[in-house]
Structures are given as C-alpha cells and as structure tokens.
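Step one of this worksheet: look at the structure below.
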Amino acid sequence: MHEIGIARQIKDTVLDFAKESAISGIREIVVDCGELSLVIPEYLEKVFPAVAEGTPLEGAALVIETVPGLAECEECDEIFNVVDNRGYCPNCGSFEKKILSGQECRIREIHVSDE
C-alpha cells in the first residue's frame, strides 16, 4: 500500500509550507488525484489521520478530488476518458493515445484555520 508513503509526503510538504509561511493551523488539505495515478483515494483518506497524528495536521481534513483520465487518440484526435473506454478510442477503436490528464497526485489547496 503505497498510499502510506504518499500520505507522509503530503504531511511533510504541508508542514514545511506551514513553517516557511508562519502558519499555525491547517484545517483542510485538498489533493487532486488522477484516475490513472494508481493511488486509491479511499486508502489515502483512511491512512492520512494516522500519519498526521501527533503533528499540527492532526484533525485536518483531507479532501480528495478525482481528476479524470483523459487522452487524445493518436489516430483520429478524439479526446476521451481512458477508464470509461478501457483505453480504446470510442470513435475509431484505436489503443494508441496520448495521456492528457489523470496521472497526477498533487496538493492543490491548503486551507488555514481562522485563528
């Protein structure tokens, strides 16, 4: 389960940012997680509280937004959802494609406490 390592990296990145920016409280972290990233959002949500325990992020919400796995067909230029179409272009049936989005897993927003 590589989600533990990803949760630790999120924790470390947010804590470093908070320290550099003199932010004392984080209430929410928004993460973009692509359909093609091989990250299972439910696992990441489940392990994050354990990783954040005992740190200033304890109790902070982790919100995961799914980024669709989009591709452009190399044969006909159709843009399509890779997961929904099992990797094949719905227009011409080709498997040749250029991935446009959905491989990322990144922190998009950090919401600070009002205190």
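For the sequence shown, my numbering begins at 123 and goes up steadily by one.
Every residue, glycine too, gets a C-beta built ideally from N, C-alpha and C.
Since this is a predicted model, take the numbers as computed values, not measurements.
Counting C-beta neighbours from all protein chains within 10 Å, is the total for residue i 16 or more, i.e. buried, or is it exposed?
i      : result
PHE217 : exposed
ALA144 : exposed
CYS198 : exposed
CYS195 : buried
GLY224 : buried
According to DSSP, which residues form a beta bridge with residue i?
i      : result
GLY156 : VAL189
PHE202 : ALA193
Please identify the residue among the options whose C-alpha is closest to the C-alpha of residue i.
i      : options                           : result
ASP134 : SER159, ILE201, ILE229 and HIS233 : ILE229
VAL204 : CYS214, ASP236 and PRO190         : PRO190
PRO212 : TYR165, GLU226, ASP138 and ALA193 : ALA193
ILE148 : VAL161, ILE162, GLU157 and ILE132 : ILE132
PHE170 : PHE139, GLU125 and GLU231         : GLU125
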